[in-house]
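Colleague:
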Amino acid sequence: YEIPAFYPQYSPFYSYDTDRYAKAPALVFTYRRILSAKPNTGFQTINPGDISMQNWQTGNDYGPGTEEDNTLYTRSQLESLGQLAPGGWQGGYRISALRSGEEHALGYFYWLFAGNTDAKLGPDAKKPQPNLRLLTGLTSPMGTVHGLSKFPYIREGRRLVGRYAYGYPAGFTIDEIAISRQNYRDPFYLENLSQETYRQLAAAMAGLRAIEVIRGSVTPAELQWRERSRIYPDSVGVGHYNIDFHPCLEQSPPERPGNRERPGERQAAESTYPFQIPLRSMIPPKLDNLLVTGKSIAVSHISAAAYRVHSFEWSAGSAAGVTAAFALENKLLPYQLVENLPRRSPALEALQKRLNDSGNPTAFPGTSIFNQNWQQWK
Numbered sequence: 146y147e148i149p150a151f152y153p154q155y156s157p158f159y160s161y162d163t164d165r166y167a168k169a170p171a172l173v174f175t176y177r178r179i180l181s182a183k184p185n186t187g188f189q190t191i192n193p194g195d196i197s198m199q200n201w202q203t204g205n206d207y208g209p210g211t212e213e214d215n216t217l218y219t220r221s222q223l224e225s226l227g228q229l230a231p232g233g234w235q236g237g238y239r240i241s242a243l244r245s246g247e248e249h250a251l252g253y254f255y256w257l258f259a260g261n262t263d264a265k266l267g268p269d270a271k272k273p274q275p276n277l278r279l280l281t282g283l284t285s286p287m288g289t290v291h292g293l294s295k296f297p298y299i300r301e302g303r304r305l306v307g308r309y310a311y312g313y314p315a316g317f318t319i320d321e322i323a324i325s326r327q328n329y330r331d332p333f334y335l336e337n338l339s340q341e342t343y344r345q346l347a348a349a350m351a352g353l354r355a356i357e358v359i360r361g362s363v364t365p366a367e368l369q370w371r372e373r374s375r376i377y378p379d380s381v382g383v384g385h386y387n388i389d390f391h392p393c394l395e396q397s398p399p400e401r402p403g404n405r406e407r408p409g410e411r412q413a414a415e416s417t418y419p420f421q422i423p424l425r426s427m428i429p430p431k432l433d434n435l436l437v438t439g440k441s442i443a444v445s446h447i448s449a450a451a452y453r454v455h456s457f458e459w460s461a462g463s464a465a466g467v468t469a470a471f472a473l474e475n476k477l478l479p480y481q482l483v484e485n486l487p488r489r490s491p492a493l494e495a496l497q498k499r500l501n502d503s504g505n506p507t508a509f510p511g512t513s514i515f516n517q518n519w520q521q522w523k
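All residue numbers for the sequence shown refer to this note's numbering, where the first residue is 146 and numbers rise by one.
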């Protein structure tokens, strides 16, 4: 392979990240191996004919994080570009960032193939791997002439603002305290939150004693904080994944030598309890005949890190389809299934029964508001 003309621009970014992978580079390949020519091959071994679809944070992961290079334009940027005017919408993406992401990914392959530098670990950490090949063409695994995927994986795209409801004046959303195993009693939160915000946090984590915290009859220090995910009466599916981050880079362009992650972004990284997918997270504020699913449901920036993987998307997608069919059959609009919560809704219960009977569970076994400790649920 000839060195790409753009390679010098991106080469300061690429790294094995840790000594473990530098000493055993096969692990980078097998971490995302999608075809093994010899079944039951271990992670340390690559055989001729093996295929890997790469996803490496210090490789083809591209994280522009400033107003000069962000991939998705902000609302103010969209307004200034005229994309929010009637007939002006052009997708909301910065095309130059998409192009840079493609170059960055192709440069990463060349680095694996011929590179001899490592941005983090020094020059002796990287050796060329001349046996690697970039699979391109319409019959390649990606089905593209350039060998990259047909669509970019936008790890965190635009998300829905949920419908406004009691308790959600800014619109329904799933926040991180609904799912995270984070120890919110840690001094970090007491020191960095206002007294009132900390009290509200304690009330949200109080489970059955929330009213006592709100009334002030019990203090956060006296409380047994909830150790389970929030249980939603309108759940239409389930999911489970860690809150993990691939933070954007602090300076522009991302490949700038010595660049670093935006500070503080990983504070909320934590494992989660098994969690639910509430129907309210799929219903827009004003559009009655639309359901939003997948990674675009109403979740916070932090929760989005967990509500994004395959199993969740399968469950959420199935739920949206069944809900749409159920609404049409019963001459209902989706919002009518949840508009009177927390009161019981026979129609909502009938929908949940259909989902459960079809093999798309709305709760994990043993889910109960009286079971406050899910520490053993992994």
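Ideal Cβ positions, reconstructed from N, Cα and C, are used throughout, including at glycine.
So Ala-449 packs on Ile-422, CB below 8 Å; how close in whole Å?
Modeller: Here residue 449 refers to the residue found at position 304 when the sequence shown is read from its first residue. Here residue 422 refers to the residue found at position 277 when the sequence shown is read from its first residue. Incorrect: roughly 13 Å between the Cβ atoms, too far for contact.
Colleague: Taking the C-alpha atoms as reference points, what is the distance between Gly-312 and Ile-299?
Modeller: For the purposes of this step, residue 312 is taken as residue 167 along the sequence shown, with counting starting at 1. For the purposes of this step, residue 299 is taken as residue 154 along the sequence shown, with counting starting at 1. For Gly-312 and Ile-299, the distance between alpha carbons rounds to 31 Å.
Colleague: Does the Cβ of Ile-319 have 16 or more other Cβ atoms within 10 Å, making it buried, or fewer, making it exposed?
Modeller: In the sequence shown, the residue the question calls residue 319 occupies position 174. Per the 10 Å Cβ criterion, buried.
Colleague: Identify which residue in Gln-517, Asn-276, Asp-214 has its Cα closest to the Cα of Tyr-238.
Modeller: Counting from 1 along the sequence shown, the entry for residue 238 is found at position 93. It is Asp-214 whose Cα lies nearest to the Cα of Tyr-238.
Colleague: Excluding the 5 residues flanking Arg-499 on each side, which residues of the same chain have their C-beta closer than 7 Å to its C-beta?
Modeller: Numbered from its first residue, the sequence shown carries residue 499 at position 354. Excluding sequence neighbours, Arg-499 sits near Val-467, Phe-471.
Colleague: Please report the distance separating the alpha-carbon of Gly-307 from that of Leu-482.
Modeller: Taking the first residue of the sequence shown as 1, we reach residue 307 at position 162. Taking the first residue of the sequence shown as 1, we reach residue 482 at position 337. If I take the Cα positions, the gap works out to 15 Å.
Colleague: Give the single residue among Leu-435, Ser-221, Leu-424 whose Cα lies nearest to the Cα of Glu-494.
Modeller: Along the sequence shown, read from residue 1 onward, the residue named residue 494 stands at position 349. Ranking the options by Cα distance to Glu-494, first place goes to Leu-424.
Colleague: Going by DSSP, which residues form a beta bridge with Ile-388?
Modeller: By 1-based counting over the sequence shown, the position of residue 388 is 243. Paired residue(s): Glu-415.
Colleague: When DSSP builds the beta bridges, which residues end up paired with Gln-109?
Modeller: The chain is shown from 146 up to 523; residue 109 falls before or after that span and cannot be answered.
Colleague: Could you work out which residue in Lys-168, Gly-194, Thr-163, Asp-164 is closest to Arg-178 when comparing CA atoms only?
Modeller: By 1-based counting over the sequence shown, the position of residue 178 is 33. Closest by alpha carbon: Gly-194.
Colleague: Where does Leu-217 fall in DSSP's three states?
Modeller: Working through the sequence shown from its first residue, we reach residue 217 at position 72. If DSSP states are grouped into helix, strand and coil, Leu-217 belongs with the strands.
Colleague: From what residue to what residue does the beta strand (DSSP E) around Arg-401 run?
Modeller: What you label residue 401 is simply residue 256 of the sequence shown in a count that begins at 1. Segment: none, Arg-401 is in no beta strand (DSSP E) and carries neither H nor E.
Colleague: Per DSSP, what kind of secondary structure is Phe-509 in: helix, strand or coil?
Modeller: Your numbering for residue 509 matches position 364 in the sequence shown. Three-state result, Phe-509: coil.
Colleague: With a CB to CB cut of under 6 Å and the five nearest residues on each side skipped, what residues in its chain are close to Ala-259?
Modeller: As a position in the sequence shown, residue 259 is number 114, starting the count at 1. Closer than 6 Å at Cβ, skipping near neighbours: Pro-273.
Colleague: Among the candidates Arg-303, Gly-208, Pro-153, Tyr-161, whose CA atom is the shortest distance from the CA of Val-437?
Modeller: On the sequence shown, residue 437 is found 292 positions in, with the first residue counted as 1. Looking at the Cα atoms, Arg-303 is the closest of the given residues.
Colleague: Quick check on Asn-518: does DSSP put it in helix, strand or coil?
Modeller: For the purposes of this step, residue 518 is taken as residue 373 along the sequence shown, with counting starting at 1. Here Asn-518 sits in strand by DSSP.
Colleague: Tell me the residue span of the beta strand (DSSP E) that contains Leu-180.
Modeller: Taking the first residue of the sequence shown as 1, we reach residue 180 at position 35. Element bounds for Leu-180: 178-180.
Colleague: If you drop the 5 nearest sequence neighbours on each side, which residues of the same chain put their C-beta closer than 7 Å to that of Asp-389?
Modeller: Position 244 of the sequence shown, counted from the first residue, corresponds to residue 389. Only Ala-414, Ala-450 meet the Cβ criterion.
Colleague: Taking all protein chains shown into account, decide if Arg-375 is buried (16 or more other Cβ within 10 angstroms of its Cβ) or exposed.
Modeller: As a first step, residue 375 is located in the sequence shown; it is residue number 230 there, counting from the start. Arg-375 comes out buried.
Colleague: Verify whether the separation of the beta carbon atoms of Leu-368 and Ala-351 is less than 7 Å.
Modeller: As a working mapping, residue 368 is identified with position 223 in the sequence shown. As a working mapping, residue 351 is identified with position 206 in the sequence shown. Closer than 7 Å, so yes.
Colleague: By the 10 Å Cβ neighbour count, where 16 or more other Cβ atoms means buried, how is Thr-281 classified, buried or exposed?
Modeller: On the sequence shown, residue 281 is found 136 positions in, with the first residue counted as 1. Answer is exposed; the Cβ neighbour count stays below 16.
Colleague: Under a three-way DSSP split, which group does Ala-443 fall into?
Modeller: If you number the sequence shown from 1, residue 443 lands on position 298. Coil.
Colleague: What is the DSSP secondary structure of Val-467, counted as helix, strand or coil?
Modeller: For the purposes of this step, residue 467 is taken as the residue at position 322 of the sequence shown. If DSSP states are grouped into helix, strand and coil, Val-467 belongs with the helices.
Colleague: Assign Pro-365 to buried or exposed, taking buried as 16 or more other Cβ atoms, counted over all protein chains shown, within 10 Å of its Cβ.
Modeller: As a first step, residue 365 is located in the sequence shown; it is residue number 220 there, counting from the start. The residue in question, Pro-365, is buried, as its Cβ has 16 or more Cβ neighbours within 10 Å.
Colleague: If I measure Cβ to Cβ from Ile-322 and keep anything under 6 Å in the same chain, skipping five residues before and after, which residues do I get?
Modeller: Residue numbering aside, residue 322 sits at position 177 when the sequence shown is read from its first letter. Ala-349, listed in sequence order.
Colleague: Given a threshold of 16 other Cβ atoms within 10 Å of its Cβ, counted over all protein chains shown, does Glu-474 qualify as buried or as exposed?
Modeller: Along the sequence shown, read from residue 1 onward, the residue named residue 474 stands at position 329. By the neighbour-count rule (16 or more Cβ atoms within 10 Å), Glu-474 is not buried but exposed.
Colleague: Is Tyr-309 near Pro-430, with beta carbons less than 7 Å apart?
Modeller: To locate residue 309, count along the sequence shown from 1; it is residue 164. To locate residue 430, count along the sequence shown from 1; it is residue 285. Taking 7 Å as the Cβ cut-off, Tyr-309 and Pro-430 qualify as a contacting pair.
Colleague: Which whole-angstrom value describes the C-beta separation of Leu-305 and Tyr-329, a residue pair presumed to lie in contact below a C-beta threshold of 8 Å?
Modeller: Against the sequence shown, residue 305 aligns to sequence position 160. Against the sequence shown, residue 329 aligns to sequence position 184. Not quite, the Cβ-Cβ distance comes to about 26 Å (not below 8 Å), so this is no contact.
Colleague: Kindly indicate which three-state DSSP category Ala-315 falls into: helix, strand or coil?
Modeller: As a first step, residue 315 must be located in the sequence shown, where it is residue number 170. Coil, per DSSP.
Colleague: Whose C-alpha, out of Gly-409, Ala-469, Tyr-418, is nearest the C-alpha of Asn-434?
Modeller: Residue 434 sits at position 289 when you count from the first residue of the sequence shown. Among Gly-409, Ala-469, Tyr-418, the Cα nearest to that of Asn-434 belongs to Ala-469.
Colleague: Around the C-beta of Gln-527, are 16 or more other C-beta atoms found within 10 angstroms, so that it is buried, or is it exposed?
Modeller: Absent from the structure is residue 527, since the part of the chain shown begins at 146 and ends at 523.
Colleague: Quick check on Gly-403: buried or exposed, where buried means 16 or more other Cβ atoms within 10 Å of its Cβ?
Modeller: On the sequence shown, residue 403 is found 258 positions in, with the first residue counted as 1. Classification of Gly-403: exposed, given that the 10 Å Cβ count is below 16.
Colleague: Using a Cβ-Cβ cut-off of 8 Å (strictly less than) and excluding sequence neighbours within five positions of Gly-382, which residues of its own chain qualify?
Modeller: Along the sequence shown, one-based indexing puts residue 382 at 237. Correct list, in chain order: Gln-421, Ile-422, Phe-457, Ser-460, Ala-461, Ser-463, Ala-464, Leu-500, Asn-505, Pro-506, Thr-507.
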